[in-house]
Each structure stands twice: as structure tokens, then as C-alpha cells.
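In our numbering, the protein residues as written are 421 to 752. No residue lacks a Cβ here, since even glycine has one placed at the ideal position from N, Cα and C. Below: one structure, written as C-alpha cells.
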Ligand code: PBG
């Protein structure tokens, strides 16, 4: 609780808001370029930057363009990128075998990035949706998303990414038991140093729409993800999932989406005191860009304000499509 203050006029909070210098002195949290993880969509080809219509300013990049963008990101001081593949439709199957192909797009991108821009941390996504004929994060049989069979597939996917050199694995699938299984497999395979950022409090959200366009899963998704992603109304259940993933060996945890779920960011940081991240997801990005594009809000201020609020809520960092723009706005 804040310490008691005298009544007005002894307590005039406006005294400390009077000048920029005074405001700077008492600013409680600060957004830095070092807080940012940049999610990037990748695709096959060369010299390709294919705009994602529902995410103005975001494009799917071929690997040569990815390397150039990663060099820019590193120069700006952004510590990490997170890769999301747009998979050739011909490679999307019910068995999702492409997910653990050592030569798949993501694994080739990891190796290229670690070779060319080694100082940049590379994060990956572990879920089957970019490879699945039906757009789900897990294997599907007779309309049911299978838990344990999916975990076995996710372990293979994780090992292939670790083998390619990923620094941070990001299981986003929401199957039960996957963190423990991935952690054990990493240890057994000699990848004890690979970190896991669990998408631990991941909700069944409408705000993922533009992302699903970007990875080409929108038209494919049969049904919804409510049997594995958390009900947006449930905070205690999310806290239990975060605690469970930590107990199973996650090094860092994530709350996703971001702004509508800031209460979870605060609870995770206060109650569990672990490295806490939020994902400002595609729909959040699209809303700010769209309103700014219409001239309805100041896009740059809304971007910086939304990112700063994650710090106030207790986050150590944020995954955001704004990362390069925010880095520039912060003067990096
Ligand atoms: C895949 C995954 C999703 C996102 C990140 N990883 C989509 C989903 O769960 O449907 C969403 C990210 C965003 O909307 O920006 N499992």
C-alpha cells in the first residue's frame, strides 16, 4: 500500500508533474529497447517481402530479407527475434511431419541467423499450427485434439530447433505436460543450456486473427482452440498453468494476449517472482495501426504508451511487432 499522505493542500501530486525534469526523476518504470522481442514471419523464396494485409507494416520475409532485418534489429539493440513460418500449403499434413524436419524453413532460418547475427537471441514457436492441415496446434483425430500424442510431436519439434541452435524455445501449443517433456528431452540430448519461455497463460482469444492470416492458418482452422487455450474469464486457472509450467522447467513465462490481460502480468510477477513476458499480439498491433492509419489516434504515442504499460504491470519484456519502430522511437 502507498504510504499515507497529508490532505490537500500539503499533498499536491501536480508538484512533481510540473516540469519534464521533475517528471523524469519520479518516473517509476522505463521502457528500453532491451525489453523487446521482435516476432517475425518468414517464408520461402529470395528477395521476398510479402505484406500481411491485416497487419500494416508487417511482411513475410524470405531468409535473405530476414537476415538483413535481423542485422538492423541487432544494430538497434533489440535482444531477440521470434520466428513464425508461413509453410508451403503442400507441406501441411494431418501428421505435421514438416514440424520436426531439420531442414524446414524455421530450422534453416535459425542456423542462418546464428551464423550471420550471432549476438541476436533466436526464439522459436513450438506448436503444430503452421504445419497442420487443419490449423490446430495439436494433432487431431476424429475432431478431438490429442494431448499426449501432440506432446510427443512437440518434443521432436523442440529437439530439431535446439539442434539448429535456437536460444529460446517458445511452446505456444497449450497441451498439458509439454514443458516437462521438452525439458527432459533437452537434458537427455545434451541441450541443457537451451531456455524455455512457456506460453503459460495463453488465452483463447479473438486477438490472434491477423496472426493466423500471416501464417496461413485462418482458412484452415476447423472449429476453435477452446479445448486447449484458457477461457479469457479465468485468472486463477491461468495462474495454476503458469505455476505448473515453472515446476516443469520453464525458465521464463509469458502472458498472451497482452493489454487485456495485464492483471495476469502483475499477478505472475508479484506472486511468483519469475521472468515475466507479455505478447502484444497481432490483433492488438492491428488495432493501433488501423486507428493510427485513419488518423484517429497518434500511432507512435499509442505504441509507446501500450509498451510502457507492460513494464508498469510488472513485465520484464514484451513480444511486439512494433519492436523496430519502438526501438527507433526510443532513440536507439
Ligand atoms: C500458434 C501461435 C499463435 C500466436 C502465436 N503462436 C496463434 C494461435 O494460438 O492461434 C498468436 C500471435 C499473435 O496473434 O500475434 N500457436
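Practice item. May I ask which residues mark the beginning and end of the alpha helix (DSSP H) holding residue 732? Key: 719-733
Practice item. Give the DSSP-derived three-state secondary structure of residue 626 in the structure shown. Key: helix
Check your understanding: What is the DSSP secondary structure of residue 520, counted as helix, strand or coil?
Key -> helix
Exercise for review: Using 7 Å as the cut-off, classify the Cβ of residue 551 as near or not near the heavy atoms of ligand 1, replying yes or no.
Suggested key: no
Review point. Alpha helix (DSSP H) containing residue 577: first to last residue?
Key: 567-584
Review point. Would the beta-carbon of residue 478 fall within 8 Å of that of residue 634?
Key: yes
Check your understanding: Buried or exposed: residue 769, going by 16 or more other Cβ atoms within 10 Å of its Cβ?
Key -> The chain is shown from 421 up to 752; residue 769 falls before or after that span and cannot be answered.
Review point. What three-state label does DSSP hand residue 545 in the structure shown?
Key: strand
Check your understanding: Once you ignore the five residues that flank residue 518 on each side, which residues in its own chain have a CB closer than 7 Å to its CB?
Key -> 507, 511, 524 and 551
Check your understanding: What residue does the beta strand (DSSP E) around residue 457 start on, and which one ends it?
Key -> 456-462
Review point. Measuring from the CB of residue 558, is there a heavy atom of ligand 1 at a distance below 7 Å?
Key: no
Point to revise | Alpha carbon of residue 590 to alpha carbon of residue 434, nearest angstrom | key: 43 Å
**Study point:** Bounding residues of the alpha helix (DSSP H) (the contiguous stretch that carries residue 479)
**Key:** Where residue 479 is concerned, there is no enclosing alpha helix (DSSP H), although the beta strand (DSSP E) it sits in stretches over 479-481.
Review point. Any idea what DSSP makes of residue 631, helix, strand or coil?
Key: helix
**Study point:** residue 708: first and last residue of the uninterrupted beta strand (DSSP E) it sits in
**Key:** Segment 702-713 is the alpha helix (DSSP H) holding residue 708; no beta strand (DSSP E) there.
Exercise for review: Flag this pair as yes or no: are the beta carbons of residue 618 and residue 593 separated by less than 8 Å?
Suggested key: no
Check your understanding: For residue 696, which beta-bridge partners are listed by DSSP?
Key -> 673
Check your understanding: Measuring from the CB of residue 678, is there a heavy atom of ligand 1 at a distance below 7 Å?
Key -> no
Review point. Under the criterion of a Cβ to heavy atom distance below 7 Å, does residue 618 qualify as lining ligand 1?
Key: no
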